[in-house]
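Residue numbers (the numbering used here): 1168 to 1434.
Heads up, the beta-carbon is just placed ideally off N, CA and C, and yes, glycines get one too.
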Amino acid sequence: MGEREAMEAELYARARDLQRLNEELRQAHARDRQVAVTLQEAMLQSPDLARHQDVAVRYLPAAGSLNVCGDWYDVVDLPDDGLFAVAVGDVVGHGLDAAAVMGMLRSALSAAIRALREPAPAMEVLGLYARSVEGALATTAVKAVINTHGRHIIYSIAGHPPPVLAHPDGTFDLLDQATDPPLGARPTHVPRPQAAVPYTPGDTLVLYTDGLIERRGEDIDVGLDRLTNVLTRYARLSPERLADALLARLGVAGGGRDDIALVVIRL
């Protein structure tokens, strides 16, 4: 075999080795991705959600991620008849580390609201717990308890964008009267606030994380205006169709730069 033929054979062998290595890397990435997705799905289980036909949820990790993130949603039936709680939250960061923190905080808040039945005390417990969890500080969250008999919502916010209560006539209310700093960013001896707002059957409550509305270099109020404009236009859609319309009209149906959790509730 001549020198040229030997060189071609070596290059061919190296090309095959690179192809094999690329395939092994692709398979390893696919396995890691599937493991991550399975873990995320396990951490986001909401058994009570199946009993709420008028609740739609959406969960979109940031585009290009492993399909795991630090955002969460939760729906919890409370022991008192006619009460259920809903939450969304956002851990700083992305990927498996943020998802692990999310799982701990979500479980803690779910247990706290079942025991305390009011959002502000539950958020206080979560804030104390967050101080012992690495990576949990500066997490934002909102917790709301819906009283279907009394037709009112009690809510508490920790540094999170305000939920929106949309009415069938196209008007809306921002639930922003009980806002406090994120977890770990306030004195522990100061009680967290909570506020109550009445609702009328047919109203729609929307909770979301900031990835739905925030855009780089843009004031958050611009994103809020965009959200409420879509809500006023499509408020009469079913929760499932409204959730899809929000993602599509806000330009994040295929995922955005940030993670997104969205809960739409027809009251």
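Comparing alpha-carbon positions, which option in the options lies nearest residue i?
| i | options | result |
| --- | --- | --- |
| THR1367 | ASP1388, ALA1278, GLY1317 | GLY1317 |
| LEU1341 | LEU1413, ALA1363, LEU1350 | ALA1363 |
| TYR1240 | GLY1260, LEU1216, ASP1248, GLN1220 | LEU1216 |
| PRO1214 | GLU1285, HIS1319, SER1277, PRO1349 | SER1277 |
| VAL1255 | PRO1330, PRO1348, ILE1321, GLY1390 | PRO1330 |
| GLN1344 | PRO1228, LEU1414, PRO1328 | PRO1328 |
| HIS1334 | PRO1406, ALA1402, VAL1309, ASP1426 | ALA1402 |
| ILE1280 | GLY1260, ALA1297, VAL1235, VAL1253 | VAL1253 |
| PRO1348 | VAL1309, ARG1433, ASP1238, ASP1244 | VAL1309 |
| ALA1229 | THR1395, ALA1311, LEU1404, LEU1379 | LEU1379 |
| GLY1337 | THR1395, ARG1382, ARG1353 | THR1395 |
| GLY1260 | THR1307, THR1371, LEU1429 | THR1307 |
| PRO1288 | LEU1332, GLY1302, SER1299, ALA1311 | ALA1311 |
| PRO1246 | GLU1285, GLU1381, VAL1258 | GLU1285 |
| ARG1359 | LEU1332, LEU1372, LEU1413, GLY1294 | GLY1294 |
| LEU1372 | LEU1417, ARG1416, ARG1383, ASN1314 | ASN1314 |
| GLN1361 | ILE1321, ARG1393, LEU1391, VAL1300 | ILE1321 |
| PRO1354 | GLY1237, VAL1292, ALA1415, ALA1223 | VAL1292 |
| GLY1237 | ARG1218, ALA1275, GLY1302 | GLY1302 |
| THR1399 | SER1299, ARG1218, PRO1365, LEU1332 | LEU1332 |
According to DSSP, what are the bridge partners of residue i?
| i | result |
| --- | --- |
| TYR1366 | The partner list for TYR1366 (beta bridge, DSSP) is empty, contrary to what the question assumes. |
| THR1371 | ALA1333, ARG1433 |
| GLY1256 | TRP1239, ALA1308 |
| ARG1225 | LEU1429 |
| VAL1322 | Here residue 1322 is Tyr; the residue named in the question, Val, does not match the sequence. Beta-bridge pairing links TYR1322 to ALA1311, ALA1362. |
| HIS1261 | CYS1236 |
| ASP1340 | LEU1332 |
| LEU1391 | Looking at the DSSP assignment, LEU1391 forms no beta bridge with any residue, so it has no partner. |
| LEU1272 | In the DSSP output, where bridge partners are listed per residue, LEU1272 has none listed. |
| THR1346 | ILE1324 |
| LEU1250 | ASN1314 |
| ASP1244 | PHE1251 |
Quick one: measure Cβ to Cβ for residue i and residue j, integer angstroms, because I've assumed they're closer than 8 Å.
| i | j | result |
| --- | --- | --- |
| MET1271 | SER1323 | That pair is no contact at about 20 Å. |
| LEU1304 | LEU1374 | So it is not a contact: roughly 22 Å between Cβ atoms. |
| ASP1425 | ASP1377 | 7 Å |
| LEU1227 | VAL1419 | 7 Å |
| ARG1225 | LEU1409 | That pair is no contact at about 10 Å. |
| ALA1352 | GLY1326 | 7 Å |
| PHE1251 | ASP1244 | 5 Å |
| ARG1416 | VAL1397 | 5 Å |
| VAL1235 | GLY1262 | 6 Å |
Mind checking residue i: buried by the 16 CB within 10 Å criterion, or exposed?
| i | result |
| --- | --- |
| GLN1356 | What sits at residue 1356 in the sequence shown is His, not Gln. HIS1356 comes out exposed. |
| GLN1220 | exposed |
| HIS1319 | exposed |
| GLY1369 | exposed |
| PRO1406 | buried |
| GLY1249 | exposed |
| ARG1433 | buried |
| ALA1282 | exposed |
| ARG1273 | buried |
| ASP1392 | exposed |
Can at least three beta-carbon pairs, one atom from the segment 1255-1267 and one from the segment 1387-1407, be found at a separation below 8 Å?
no
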